[in-house]
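**Student:** Next up is a structure, given as structure tokens.
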Amino acid sequence: IPAGAKNSEGAWAFIKFSCSLEGRMLETRAQRNWDLSRGRDFIPRIKAHRETNIQSYAEFKPAVPAFAAALKLHVDMSEYGRVRPPTFVGQILWDEHVQAIEFAGRKEKTPTEALAEGQRVVQRELDAHFRYDTLPSADLKLPMFFGLGLLLVGAGLGYARIRRMPMGRMGRYETLWGYLLISPWLIGFLIFTLGPMLASLVFSFTQYNVLSEPRWVGLDNYRLLVGEERDNVLKAFGNVLYLAGIGVPLGLLTGLAIALLLNRASMGIRTYRAIYYLPSILPVIATATLWGWIMNPDAAKGLINFAWTNTLQPWLGVNPPGWLTVAEWSKPGLIVMGLWGAGGGMILWLAGLKGISPTLYEAASIDGASPNRQFFGITLPMLSPILLFNSVMGVIGAMQEFDRVYVFRGTSGSAGPSDSLLTPVLHLFVNGFNYFKMGFASALAWLVFLVILVLTLAQLRLSKKFVYNEVAD
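Position one of the sequence shown corresponds to residue -8 (this note's numbering), numbered consecutively onward.
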């Protein structure tokens, strides 16, 4: 109740009534009437009031035996329920409780194993907190001066190189003005991109929770990545490699197929191009929410499973998938969502198709080349630079998958069923901004950076074998 409330006594009376048996039963009956008016079955919700739960079960016992048994179990177990204790690791404790329930509920672990795993994680955080005062303080002045020194050395080397260039006074004058004109971008890059990157490198060697000064821990955060957090890290990278290995090729093929269909002068072709392109510019959060509804496993709510149950299921006897609610279909569900935005790549493919000279096809036709031969001998080689660009950007995007899985994860618990949607960036975000473990999050960020760098360099190295470049004689 705010201190300045005009009717604090009335507010207090309302709170007491709402928490009473009478108030909670009034709320339960109102919820029942609302659900029935919407054509839904009503199952009483568990309240933080034992008498309410007992009376609700007696008055509104579900007709379905399985639901009735589950509700009765919750009512009986409420006697043994405990309130989560207030602690500085409360968020981690809550998340571990949620994950333990999920793993035990899916029978992937026994309740004892799931709770023991959660206890180990929480105890590790408690140990890290209590050793904080024994760690040496991290004086950030030295890294700052070191970074500033590198910046000055780089600027000096650049200036010396300009002075050594074989150019006259006018050339140096133009070069100086060129750097001067791009200086706003350079300053922004140094402050908002390179600066935070170097800061995260320093923080990766510290224990830092934002609210207290950082303390040096050496390589402990990196040891944690390959030690106790190894399973989570491997699962996260395995998930994004799945998305990159299957989703990126499918996205490239879909975008190219659409571009080939739209690469013609027909009436209304611009409208079709706009229609295919629009999904790629919609906000990611809105798109994820929309597809969450479309992929609802309940055929009465999900559009895909509604169509499935009325076509494939009676024809072939194949049951509809659970999509985002089961581990086997969660990542394929993300890939299907990604194909909906293939229009973004379609624009680049279409631009590449427009840039291919018609004389190449004319010469091939004169030589008797079939359409298939022309496609594989002319179209694909001429589009190979765009193929390289789209594949590199697609892999980088897959490795940085975050927005959609964050929407599906919610505020706590596992990332999808059995952590099947856990990604490195999501794991980084949760540790950095939910648990305030900035040191560990920074170490994970640099690991993600190195993996992306290696994959990108590998693609560029392989591109020498399949990318066609025009060379002027």
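C-beta atoms are modelled at their ideal positions from N, C-alpha and C, and glycine is treated no differently.
Please read these numbers as outputs of a predicted model, since none were measured by experiment.
1. Identify which residue in Lys100, Leu453, Ile153 has its Cα closest to the Cα of tyrosine 170.
2. Provide the residue(s) that pair with tryptophan 207 in DSSP beta bridges, ordered along the chain.
3. Go ahead and label lysine 428 buried or exposed: buried means 16 or more other beta carbons lie within 10 angstroms of its beta carbon, across all protein chains shown.
4. Look at phenylalanine 33 and arginine 23 and say whether their C-beta atoms are less than 8 Å apart.
5. By the three-class DSSP mapping on this structure, what secondary structure does serine 128 have?
6. Going straight from the alpha carbon of leucine 330 to that of leucine 234, what length do you get?
7. CB phenylalanine 431 to CB leucine 215, shorter than 8 Å?
8. Compare the beta carbon distance of leucine 251 and isoleucine 326 with 8 Å and say whether it is the shorter of the two.
9. Taking the alpha-carbon of glycine 313 as reference, which of Asn301, Leu303, Trp306, Asn296 has the nearest alpha-carbon?
10. Quick check on this structure: which residue in Ile369, Tyr199, Gly401 has the alpha carbon closest to the alpha carbon of alanine 467?
11. With DSSP collapsed to three states, give me the class of glutamine 46.
12. Just to confirm, are valine 231 and alanine 389 a CB contact at a threshold of 8 Å?
13. On the DSSP letters alone, give me the boundaries of the alpha helix (DSSP H) that glycine 179 sits inside.
14. Is asparagine 223 helix, strand or coil when you go by DSSP?
15. From which residue to which residue does the alpha helix (DSSP H) around arginine 364 run?
16. Can you tell me whether glycine -5 is helix, strand or coil according to DSSP?
17. With a cut-off of 8 Å on the beta carbons, I'd call methionine 304 and valine 383 a contact; round off their distance for me.
18. Quick one: Cα of alanine 506 to Cα of phenylalanine 58, how far?
19. With three or more beta-carbon pairs closer than 8 Å as the criterion, would you say the segment 190 to 198 touches the segment 140 to 158?
20. Nearest to glycine 334 by alpha carbon, out of Ala248, Ile347, Thr166?
**Tutor:** Well, looking at it:
1. Ile153
2. Thr197
3. buried
4. yes
5. Correct three-state label for serine 128: strand.
6. 12 Å
7. yes
8. no
9. The candidate whose alpha carbon is nearest that of glycine 313 is Asn296.
10. Outside the modelled stretch of the chain, which goes from -8 to 464, sits residue 467, for which no answer is possible.
11. Residue state, collapsed to three classes: helix.
12. yes
13. Counted as a single uninterrupted DSSP element, the alpha helix (DSSP H) harbouring glycine 179 occupies residues 160 to 180.
14. helix
15. 362 to 365
16. DSSP places glycine -5 in the coil class of the three-state scheme, outside both helix and strand.
17. The sequence given here has glutamine at residue 304, not methionine. Going by Cβ atoms, the distance from glutamine 304 to valine 383 rounds to 40 Å, so no, they are not a contact pair.
18. There is simply no residue 506 to check, as the chain begins at -8 and stops at 464 in what is shown.
19. no
20. Ala248
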